[in-house]
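In order, the protein sequence lines correspond to chains L and B.
Number 1021 marks the last residue of the first sequence (my numbering); no jumps.
Number 694 marks the last residue of the second sequence (my numbering); no jumps.
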Amino acid sequence: MRGDAEISAAVREAIADRSALRIVGRGTWLDAGAPVAARTQLVLSDDHGIVAYVPDDLTITVRAGTTLRELDETLGAHDQWIALDPEGGTDVTIGATVATCSYGPAAAFFGTPRDQVLGMTVVLGTGDVIRAGGRVVKNVAGFDLTRLMIGAWGTLGVITEVTLRVRSRSMRMDSVSHMRRLLPQSHGYRRPEIVNDRLSAALMQRFDPHHVLNPGIMEAKS
Amino acid sequence: MTTQLVAGLVDRLRAVVGDRFVLVRDAELLAYESDGLPGYHKRPNLAVLPGSRDEVVEVVRLLAESEVQFVPRGAGTGLSGGALADDVVLLGLHRLKAVLDMDIARMRATVEPGVVNAALNKRLAPHGVFYAPDPSSEAACTIGGNIAENSGGPHCLKYGVTLNHVLAATVLLPDGEIVELGDRDGGMAGYDLLGAFVGSEGCFGVALDITVRLTRKPAAVRTALADFMDVADASHATSAIIASGVVPAALEFMDSGVIRVVEQSIFAAGYPIDAAAILLIEVDGTVESTDADMDLVRKLCMECGARAVRVATNETERARLWQGRKKAFGAMGRLAPNLAVQDAVIPRTRLAEVLAQIHAIADSHGVTVCNVFHAGDGNLHPNISYDAGDPDQVRRVHESMAAMMQACIAAGGSITGEHGVGLDKLRYMPLLFDEPTLAAMCDLRTAFDPAQRSNPGKVVPVHSCREWHGAPAVRAGEIASEVASDAG
Chain L
800 MRGDAEISAA VREAIADRSA LRIVGRGTWL DAGAPVAART QLVLSDDHGI
850 VAYVPDDLTI TVRAGTTLRE LDETLGAHDQ WIALDPEGGT DVTIGATVAT
900 CSYGPAAAFF GTPRDQVLGM TVVLGTGDVI RAGGRVVKNV AGFDLTRLMI
950 GAWGTLGVIT EVTLRVRSRS MRMDSVSHMR RLLPQSHGYR RPEIVNDRLS
1000 AALMQRFDPH HVLNPGIMEA KS
Chain B
207 MTTQLVAGLV DRLRAVVGDR FVLVRDAELL AYESDGLPGY HKRPNLAVLP
257 GSRDEVVEVV RLLAESEVQF VPRGAGTGLS GGALADDVVL LGLHRLKAVL
307 DMDIARMRAT VEPGVVNAAL NKRLAPHGVF YAPDPSSEAA CTIGGNIAEN
357 SGGPHCLKYG VTLNHVLAAT VLLPDGEIVE LGDRDGGMAG YDLLGAFVGS
407 EGCFGVALDI TVRLTRKPAA VRTALADFMD VADASHATSA IIASGVVPAA
457 LEFMDSGVIR VVEQSIFAAG YPIDAAAILL IEVDGTVEST DADMDLVRKL
507 CMECGARAVR VATNETERAR LWQGRKKAFG AMGRLAPNLA VQDAVIPRTR
557 LAEVLAQIHA IADSHGVTVC NVFHAGDGNL HPNISYDAGD PDQVRRVHES
607 MAAMMQACIA AGGSITGEHG VGLDKLRYMP LLFDEPTLAA MCDLRTAFDP
657 AQRSNPGKVV PVHSCREWHG APAVRAGEIA SEVASDAG
């Protein structure tokens, strides 16, 4: 799959067929132990590449299928990085990293994807394409659809493009050592659980009314 | 809402909170007619001021039962008109000011929504920790209001905005249900409902308690004043510092208009009055890192044409440099009866160019603009002093503001970095977001508040909100024909 129009058409086709889609980057964190009740895969790893990057703005916009390795190579040439180091190596896609809110040791200083993503393009379960957030580092315009999608495991929308905060590699770590935060563990992801039945059901009904996106992955908390 | 309904409601509300705390007379309501947005006055039909968590719950449940709309309000310092209540109930939360828990070992504090930002930090200071978000109104604004607006402040450049410092909240939904959002221990599970709630401008319900993350105070802090004879040089210095890899704790910009008015006021901070612009730059961390970072900042400023870079040598000097910045908006009261404080964000490499555009727009509309803002974030605050009693001035101010917003959007920016959309910026939302995105925002709101009774008419233009499409079968049929015609 490449491009928002094609991805949107695939979602609409699934709605028409009354089928469902398993959304896949490179398959690193597939299922997280919970089975996805869908046979058709919507694979995003071919939809990769840098959309916009002005090094001195310290932001970058990339397609969701871009791997962390590709990001590293592009940013490294300017002595920069995104402060995300999830388990699973650098072959994982940024889309999956964000969709699962996966993080590693760097989160102790810089936070998880929820603290680092500035905006995104998303194909909702209705097939609608939305552009949430923006490309600047500070932005409170409108309700925060970006935070809603981060860690939602693709069940509210297919993340197709992401804008991230970028950091300089030459930053002195002793200038942020006092900012170290307590994390429950040094790495992990946002667990795919339903923790608030009513609100979660209302969101699913609005963003994926036909249950086409990764159905079954958000498990009811036992 | 009919007058009769309100009459019955008043008695029931009085029974909950006491007669003194239900305001209905015009003279009493006057104080609640405006927030920090100048020139707007909206009269609530009544104001109810609960004094405890249980009272808030009872009040909101009564309002839900009566299907009455309401506007939650903290200290009313917001700058986008978000707390204006136009003939609906105003729910004041400023009486809930208990700090419920300070758990320094776990680096968190739990507070009621009416706790004032600076009051919390005063309580935390002896423990060597602080709550990082520091809006300029910190001496008056409440943590509940900060959550609603996802407030920023000068030090958010390094420390992040409110969103990055909230761990959990107990939220009373507009229908009276109580839900726990987030996790006090920092765990993450399920949809990020807390992330969606922060910055929802009072449209998703009311926070009954909030658990915030605390940060250790840095070992060293150094603050410098760099002055420039050319605005563009100060902009370029800002871009150079950001690009260098130094993450200043704050990087604030003030132009000559602001410098002069601050220096003429009781908040005079010793700024050079002949400068075209000054940068207030703070670095923090270890002694070693602050020395190294400040050396680099000084070098970059001088390379960009700074006349001088003066580093505060003691805490008194440092506090004085900051006082001028923090009180700049107050000082501008000297210029004219009203001050329109704008808020927009642009990519940081576009500062010089967009500032020039803003001045050109002000000139062509015959208004005077001065700038004091969070340059490190690209978060502009063009301010226009004016007289709200003069309709022609008001018109020119509004037209120039709209043109400035459009310039920021065209530069790839946003219409608000920290003040929120409220009422003031509704008109710009369709310029920034397309219809499907605005409709999705409405969908997010109605998940929390299906009846849209909490802070009605704010943030997203009403015409953008569509009802959820009909039955899936019908919808599928429509889609099938669309797909078929696309294929053809």
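Just so you know, even glycine gets a beta-carbon here, dropped at the ideal spot from N, CA and C.
The DSSP assignment places complete beta strand (DSSP E) segments of no fewer than 3 residues inside the stretch 378 to 434 of chain B at 384 to 388, 412 to 419 and 426 to 434, in order along the chain. Rounded to whole angstroms, the gap between the alpha carbons of Val385(B) and Leu378(B) is 6 Å. Between the stretch 957 to 964 of chain L and the stretch 402 to 410 of chain B, the count of C-beta pairs closer than 8 Å stays below three; the two stretches do not touch. When C-beta distances to chain B are compared with 7 Å, the residues of the stretch 981 to 996 of chain L below that value are Leu981, Leu982, Pro983, Arg989, Arg990, Glu992, Ile993, Val994 and Asn995, in chain order. Residue range Ala483 to Gly491 is occupied by the beta strand (DSSP E) that includes Gly491(B).
For Val216(B), same chain residues with a beta-carbon under 8 Å away, outside a window of 5 residues either side, are Val228, Val230 and Leu252 in chain order. Pairwise C-beta distances place the stretch 512 to 524 of chain B in contact with the stretch 425 to 438 of chain B, as three or more of them are shorter than 8 Å. Contact residues of the stretch 927 to 939 of chain L toward chain B are Asp927, Val928, Ile929, Arg930, Ala931, Gly933, Arg934, Val935, Val936, Lys937, Asn938 and Val939 (C-beta to C-beta distance below 8 Å). By a beta-carbon distance limit of 8 Å, Ser450(B) contacts Leu502(B). Their separation comes to about 6 Å.
In the DSSP annotation of this structure, the continuous segment of the alpha helix (DSSP H) that includes Leu235(B) starts and ends at Asp232 to Leu235. Here the alpha carbon of Glu407(B) sits roughly 7 Å from the alpha carbon of Gly626(B). Rounded to the nearest angstrom, the Cβ distance from Val418(B) to Asn938(L) is 21 Å, too far for a contact under 8 Å. DSSP places Phe473(B) outside both helix and strand once states are collapsed to three, so it counts as coil. Identification of residues in the stretch 963 to 983 of chain L having a C-beta nearer than 9 Å to some C-beta of chain B yields Arg966, Ser967, Arg968, Ser969, Met970, Arg971, Met972, Asp973, Ser974, Val975, Ser976, His977, Met978, Arg979, Arg980, Leu981, Leu982 and Pro983, given in sequence order. A Cβ-Cβ contact shorter than 8 Å links Phe579(B) with His587(B). Using a CB distance cut-off of 8 Å, Ser818(L) does not count as an interface residue toward chain B.
Judged by DSSP in its simplified three-state form, Arg659(B) adopts coil rather than helix or strand. Beta-bridge partners assigned by DSSP to Ala546(B): Ile590(B).
Rounded to whole angstroms, Leu541(B) and Gly242(B) show a C-alpha spacing of 17 Å.
Look at Ile893(L) here: in three-state DSSP terms it is helix. Annotation: Leu545(B) to Met610(B) spans about 16 Å, alpha carbon to alpha carbon.
Shown here, Tyr988(L) sits in coil according to DSSP, grouped into three states, outside any helix or strand. Looking at the DSSP output, Pro885(L) sits in no beta bridge, so it has no partner there. Counting along the chain, Phe276(B) sits inside the beta strand (DSSP E) bounded by residues Phe276 to Arg279. Cβ contact annotation for Cys409(B) (same chain, cutoff 7 Å, sequence separation greater than five): Arg651, Asp655, Ser660, Asn661, Lys664 and Val665, in chain order. Distance from the CA atom of Glu344(B) to the CA atom of Met919(L), rounded to whole angstroms, is 31 Å. In the three-state DSSP reduction, His333(B) falls in the helix class (H, G or I). The alpha-carbon separation between Val600(B) and Val575(B) amounts to approximately 14 Å. Under a criterion of Cβ atoms nearer than 8 Å, the residues of chain L adjacent to Gly626(B) are, in order, Val939.
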